[in-house]
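The structure appears below as structure tokens.
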Amino acid sequence: GALEATWRGDRYLRAIHDDGTEIGVAGSGIWEIDALTAAWAVTAGMDAERSRIGFDSAVRLLEQETTIMLGRPPLREDTEPYLGRSSWYPEGVRENGMYCHGVQWLVGAARLLANRFESEGNAESARQYRDTAYRLWLKTSAIPHATPEEVETYGGQPNKQAADMVTTFDPGRMIWNGYTGAAGWMFRQALEGVLGYRLDRGEVVAPVGPPPDGLGPVRVARRI
Numbered sequence: 637g638a639l640e641a642t643w644r645g646d647r648y649l650r651a652i653h654d655d656g657t658e659i660g661v662a663g664s665g666i667w668e669i670d671a672l673t674a675a676w677a678v679t680a681g682m683d684a685e686r687s688r689i690g691f692d693s694a695v696r697l698l699e700q701e702t703t704i705m706l707g708r709p710p711l712r713e714d715t716e717p718y719l720g721r722s723s724w725y726p727e728g729v730r731e732n733g734m735y736c737h738g739v740q741w742l743v744g745a746a747r748l749l750a751n752r753f754e755s756e757g758n759a760e761s762a763r764q765y766r767d768t769a770y771r772l773w774l775k776t777s778a779i780p781h782a783t784p785e786e787v788e789t790y791g792g793q794p795n796k797q798a799a800d801m802v803t804t805f806d807p808g809r810m811i812w813n814g815y816t817g818a819a820g821w822m823f824r825q826a827l828e829g830v831l832g833y834r835l836d837r838g839e840v841v842a843p844v845g846p847p848p849d850g851l852g853p854v855r856v857a858r859r860i
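Under our numbering, the residue at position 1 of the sequence shown is numbered 637, and the numbers go up by one with no gaps.
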């Protein structure tokens, strides 16, 4: 269909500008890869193999040592075509850095891929994607960044979720501490993306497969 027509080798297009320019093409220099596009392709149930490839491409190109970029290369005010307010921010800041409640969709997508492989009997691939979900979640969460090793750079508390983290001149520095939208999504991804639990018509559905490596037994209590 129309969506599959936007496949470009190892990723789906992010958008098509009014002037016809394709946004999200490798080598174009214009927002070549996008975390949301990759995650939503998996979440929406698009072509199984293509969505997996697109996800892997995004993680390979966007994941850094302590952060995950929303997209790359960064947008600039002189980017042609002009792509809106995100172009106002410096490289590594806001949408040009790690936009926490955007990149967290990769966590959920990784878990969906793990569940898919688990249902197909591919335990090793399922394990790899469960571990990916956990690894990505740790990079977007405040908790591991507010450690003695990172807190001077991070600059925030472990019990407050930042909206963004810088990815260039001061990598790992939080921005807009206490951002409730990002916190809500991070909590949801902890339950669904990392642990694999979900709600179905008010009932808690147990996860498919074991927890990610590094997590012990988990007990989930639901308040009625």
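Glycine included, C-beta positions come from ideal geometry on N, C-alpha and C.
State whether the stretch 684-699 contacts the stretch 713-721, with contact taken as three or more CB pairs (one from each stretch) at a distance under 8 Å. no
What residue does the beta strand (DSSP E) around Val-840 start on, and which one ends it? 839-841
Kindly give me the distance between the Cβ atoms of Tyr-790 and Arg-809, rounded to whole angstroms, as I take these residues to be in contact under 8 Å. 7 Å
Thr-776 and Gln-700 look like a contact to me (Cβ under 8 Å); what is the Cβ gap, rounded to whole Å? The Cβ separation is near 12 Å, so there is no contact.
Between the CA atoms of Val-840 and Ser-755 - distance to the nearest angstrom: 19 Å
Check whether the stretch 759-773 and the stretch 783-799 are in contact - that is, three or more C-beta pairs closer than 8 Å. no
Apart from the five residues on each side of it in sequence, which residues of its chain come closer than 7 Å, Cβ to Cβ, to Asp-773? One point to set straight first is that residue 773 is Trp, not Asp, in the sequence displayed. So the list reads Val-743, Gln-825, Ala-826, Gly-829, Val-830, once near-sequence residues are dropped.
Beta-carbon proximity check, Met-734 vs Met-801, cutoff 9 Å: yes
6 Å CB neighbourhood of Ala-746 in its chain, flanking five on each side removed: Tyr-765, Thr-768, Ala-769
Hey, how far is the Cα of Leu-639 from the Cα of Val-678? 13 Å
Taking the alpha carbon of Pro-709 as the reference point, which residue from Asp-692, Glu-731, Arg-721 has its own alpha carbon closest? Glu-731
Cβ shell of Asn-813 (< 6 Å), same chain only, five flanking positions each side left out: Gly-792, Lys-796, Ala-798
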